[in-house]
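Okay, structure first, notes after.
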Ligand SMILES: [Zn+2]
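Numbering (our numbering), first residue to last: 1036 to 1350.
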């Protein structure tokens, strides 16, 4: 039998190629096409998950109304940047961002229904730099943050953990949940890199004190340093927090050879982190994980690391 021990859902779709960031941009449709081709080689035991466009009310679980409207209007008026900052867009970007958020929520529903126990969503644009009121970096809507709120509001779960291993700090996700004791956000990222919000003393604020970890890693360090921090800081916090569901902001720009990130992780680093996530999810979350693509800008490296991640999800 070739069937994985547990059923893994994967989502990828050509609709994400419609988000055009302009010539020379690292977060490109070409990057996505290479990843899509790699995911298409997975055997049919990996359950393909469908598209589903997010409703505006779902975007508003996290984002402020005026920011949603700003994204809509900027795309309708053919702007090439969001007025909120440095995010490149095209006339399709609002629609594509809704598709990306919706696909993650569909994956959440599919996992909650028990059809699959874990899922990976290859979507773009990414989301973890987007705050409630502002797009930043290459991010428009914060899919993973919306998924956390959706799990609470639509599925009645109380405590959600988000592990973010993109090479950049997920400042948007951190800011959204910084005072929230019901969502635990843990980011492993390279120090002194965009968006320059790395701060190892930031453990959460107000009622959210203790439910945040901001773990900067030394420039040029390899995966062993990240795994040491995982053991020393991440695992003890997840064990103390006891989440009902695990979300992963899965960027692959810490992989060696990435043109933006300066770390030296390997495909095996991602496989090992994935196995550790499964252990934590088995312990606290009934095995439930939804992982969502964030960064990763060397197309071949991205495809290899994602395959290592998804195969490890299948155990
Ligand atoms: Zn990144």
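The beta carbon of each residue, even a glycine, is placed where N, CA and C say it ideally should be. Every value quoted in this text rests on a predicted model; they were computed, and no experiment measured them.
What residue does the alpha helix (DSSP H) around residue i start on, and which one ends it?
i, result
"residue 1106", "1100-1111"
"residue 1137", "1128-1147"
"residue 1118", "Taken as a continuous stretch (DSSP letters only), residue 1118 belongs to no alpha helix (DSSP H), as it is neither H nor E."
"residue 1097", "Unbroken run through residue 1097: none, as it is neither H nor E."
"residue 1339", "1334-1348"
Taking 9 Å as the cut-off, decide whether the C-beta atoms of residue i and residue j are in contact.
i, j, result
"residue 1046", "residue 1126", "no"
"residue 1179", "residue 1324", "no"
"residue 1002", "residue 1198", "In the structure as shown, the chain begins at 1036 and stops at 1350. Residue 1002 is therefore absent and cannot be evaluated."
"residue 1316", "residue 1281", "yes"
"residue 1310", "residue 1298", "no"
"residue 1331", "residue 1302", "no"
"residue 1307", "residue 1347", "yes"
"residue 1313", "residue 1069", "no"
"residue 1342", "residue 1095", "no"
"residue 1114", "residue 1166", "no"
"residue 1186", "residue 1219", "no"
"residue 1051", "residue 1111", "no"
"residue 1326", "residue 1283", "yes"
"residue 1207", "residue 1224", "no"
"residue 1138", "residue 1086", "yes"
"residue 1328", "residue 1161", "yes"
"residue 1053", "residue 1130", "yes"
"residue 976", "residue 1151", "Within the shown structure, residues of the chain are numbered from 1036 to 1350, placing residue 976 beyond reach of any answer."
"residue 1274", "residue 1200", "no"
"residue 1258", "residue 1293", "no"
"residue 1181", "residue 1098", "yes"
"residue 1106", "residue 1132", "yes"
Using the three-state DSSP reduction, which class does residue i fall into: helix, strand or coil?
i, result
"residue 1046", "strand"
"residue 1039", "Note that residue 1039 has pLDDT 45, beneath the 50 cutoff, so the model's placement of it is unreliable and the number below is only indicative. Correct three-state label for residue 1039: coil."
"residue 1248", "strand"
"residue 1083", "strand"
"residue 1074", "helix"
With 9 Å set as the bound, which would you pick, yes or no: does the beta-carbon of residue i sit closer than that to a beta-carbon of chain C?
i, result
"residue 1100", "No chain C appears in the structure shown, which is made up of a single protein chain."
Discussion item. I'd like the ranges of any alpha helix (DSSP H) spanning at least 4 consecutive residues and lying wholly in the segment 1251-1326.
Written reply: List check, alpha helix (DSSP H) in window: 1258-1264, 1270-1276, 1302-1319.
Discussion item. As an exercise, report each continuous alpha helix (DSSP H) stretch of at least 4 residues that is fully enclosed by the segment 1150-1229, in chain order.
Written reply: Every alpha helix (DSSP H) stretch that sits fully inside the segment 1150-1229 and reaches 4 residues is listed by chain position as 1178-1190, 1206-1212.
Worksheet item: Are there three or more Cβ pairs, one per stretch, closer than 8 Å when the segment 1157-1173 is compared with the segment 1105-1124?
Response: Yes, since at least three Cβ pairs between the segment 1157-1173 and the segment 1105-1124 fall closer than 8 Å, the two stretches touch.
Worksheet item: Is the segment 1079-1097 in contact with the segment 1063-1071, if contact means three or more CB pairs nearer than 8 Å?
Response: Segments in contact, no.
Practice prompt. Could you say if the segment 1230-1241 and the segment 1180-1195 meet the contact criterion of at least three C-beta pairs nearer than 8 Å?
Written response: No, because fewer than three Cβ pairs between the segment 1230-1241 and the segment 1180-1195 fall closer than 8 Å, the two stretches do not touch.
Worksheet entry | contact_flag[the segment 1235-1248, the segment 1207-1216] where n(CB pairs < 8 Å) is 3 or more | Contact between the segment 1235-1248 and the segment 1207-1216 is present, because at least three Cβ pairs lie under 8 Å.
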